[in-house]
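Chemist: Just so we're on the same page, the working numbering is the position in the sequence shown counted from 1, plus 385.
Note that the Cβ used here is the ideal one computed from N, Cα and C, for glycine as well.
As the structure is a prediction and not an experimental result, all values here were calculated from the model.
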Amino acid sequence: MIRTYRDAVCLITGGGSGIGEALGRELARRGALVVLADRRLEGAEVVAAEIRADGGQAESLALDVREADAFGAVIDGVLRDHGRLDYLFNNAGIGIGGAFEEHTLDDWRYIVDVNIMGVVYGTHAAYPRMIEQGFGHIVNTASMAGQIATPGLSAYGTTKHAVVGLTRSLRIEAARHGVRASAFCPGVINTRILQHGGEFGRVRGPAGVFEPEAVDTSRTMDPNHFAALALNQVASNREIIVLPRMWVLIRWLDRLSESLSGRFNARMYERMQAELDRRVAKANATGAAPKEPDGPPTG
Ligand code: NAI
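(1) Would you tell me roughly how many angstroms separate the C-alpha atoms of Leu-661 and Gly-537, rounded to the nearest one?
(2) Hey, quick one: how far does the beta strand (DSSP E) through Asp-423 stretch, first residue to last?
(3) Do three or more CB pairs link the stretch 599-618 to the stretch 450-463 at distances below 8 Å?
(4) Just mark Ile-479 as buried or exposed, buried being the case when its beta carbon has 16 or more other beta carbons within 10 Å.
(5) By DSSP's criteria, Val-588 is part of a beta bridge. Which residues make up the other side?
(6) Comparing C-alpha positions only, which one of Arg-577, Arg-424, His-467 and Glu-452 sits nearest to Met-502?
(7) For Arg-414 and Gly-428, what's the separation of their Cα atoms in angstroms?
(8) For Asp-454 and His-509, I'd like the C-alpha separation in whole angstroms.
(9) Flag Asp-601 as yes when its Cβ comes closer than 6 Å to any non-hydrogen atom of ligand 1, and as no otherwise.
(10) Helix, strand or coil for Leu-634 per DSSP?
(11) If you follow the alpha helix (DSSP H) that Val-431 is part of, which residue opens it and which one closes it?
(12) Taking Cβ positions, are Ser-402 and Arg-577 nearer each other than 7 Å?
(13) Hey, could you find the ends of the alpha helix (DSSP H) Ser-644 is sitting in?
(14) Any idea if Pro-571 is buried or exposed, counting beta-carbon neighbours within 10 angstroms, 16 or more meaning buried?
(15) Taking its Cβ as the centre, do 16 or more other Cβ atoms sit within 10 Å of Leu-418, making it buried, or is it exposed?
(16) Asn-525 and Val-505 - do their beta-carbons sit closer together than 7 Å?
(17) Who are the near neighbours of Arg-344 in its chain, counting only those whose CB is closer than 6 Å to its CB and skipping five residues on each side?
(18) With a Cβ-Cβ cutoff of 7 Å, do Leu-638 and Ser-644 count as a contact?
(19) Roughly how many angstroms lie between the CA atoms of Ile-635 and Ala-422, to the nearest whole one?
(20) Quick check on DSSP: helix, strand or coil for Pro-681?
(21) Is DSSP giving Ile-404 helix, strand or coil here?
(22) If you measure from the CB of Asp-454, is any heavy atom of ligand 1 nearer than 6 Å?
(23) Using beta-carbon positions only, say whether Ser-445 and Glu-435 come within less than 7 Å of one another.
(24) Is any heavy atom in ligand 1 found nearer than 6 Å to the beta carbon of Asn-476?
(25) Give me the DSSP bridge partner(s) of Gly-521.
(26) Give every residue of the same chain whose Cβ lies closer than 8 Å to the Cβ of Ala-511, excluding the five residues on either side of it in the sequence, and list them in chain order.
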């Protein structure tokens, strides 16, 4: 039987920062054992140490979700050490911002590798083991970008639509094995991904609108608040978990009328472009050269 959440064994990718970190802290608070896996090990180590200092059970390890074999070895290790895997949170992700024409093919390959293949590798390794156990819950962090159009984030949105699609199909297949699948579709959560696409992320274009100081975090949700509400919905095995709640409305608007939703989105995009133009004009007027696009992903 799956445990909710006392003594549940939970593996969280991207557990060293933001939503993954908050999920780890909240799960540990509710009595689970959490394994925080992150490409940036230092972040996961610090979070795990703080959880342990608070009396919780936490481990950390290095994992790049683009490495299928390494992901498989991590799943094997968790099962060997703890005898079960109740939850896999496929949460690690990056953002790449910019207009479509600014994205390179390397950008596309990179974001597909992390945001889609990372989820596929984790699921591919964990799902058969969950079938053997007869229980387990795979929770994929998609996004509202997997529900609606996201101009200025087309590659990111593409990957998140894929994660939603995978989760919904898997959920139906998995039910007969006693295994669950859900997708988080967060709106805007105040994490490092809002700044340059997060750890290992990218923003394209001159004087990017996603400069840290340009991000308005006043209407974002705190990741700890998100984790607490989201885990309640995971416990009730909800398929698509949309938070903050106002995004439920936006999702329904999109379902109701794509053209209305498209017009709303186009207006937001125009505003974003106007802000970008204003920044470039200001940089030109003061003689400061607009910021060059970031170089290609470092791998
Ligand atoms: P974050 O940047 O704070 O955390 C992402 C974590 O993933 C970092 O610790 C990073 O080191 C790790 N990571 C990146 N690439 C990795 C790789 N190849 N292998 C292993 N770990 C890797 O950002 P945040 O917001 O916590 O992101 C978590 C997830 O939530 C992502 O999938 C993101 O797309 C999704 N999301 C975030 C939203 C937001 O507004 N913050 C909204 C919707 C979805």
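Modeler: In short, the structure shows the following:
(1) 11 Å
(2) 418-423
(3) no
(4) buried
(5) Gly-482
(6) Glu-452
(7) 19 Å
(8) 11 Å
(9) no
(10) helix
(11) 426-438
(12) yes
(13) 643-670
(14) buried
(15) buried
(16) no
(17) Residue 344 lies beyond the residue range present for the chain, which begins at 386 and ends at 684; the question has no answer from this structure.
(18) no
(19) 32 Å
(20) The pLDDT assigned to Pro-681 is 44, lower than 50, so where the model puts this residue is not dependable; a value taken from the coordinates is nonetheless given after this. If DSSP states are grouped into helix, strand and coil, Pro-681 belongs with coil.
(21) helix
(22) no
(23) no
(24) yes
(25) Val-564
(26) Leu-396, Ile-460, Leu-470, Leu-473, Gly-521 and Ile-523
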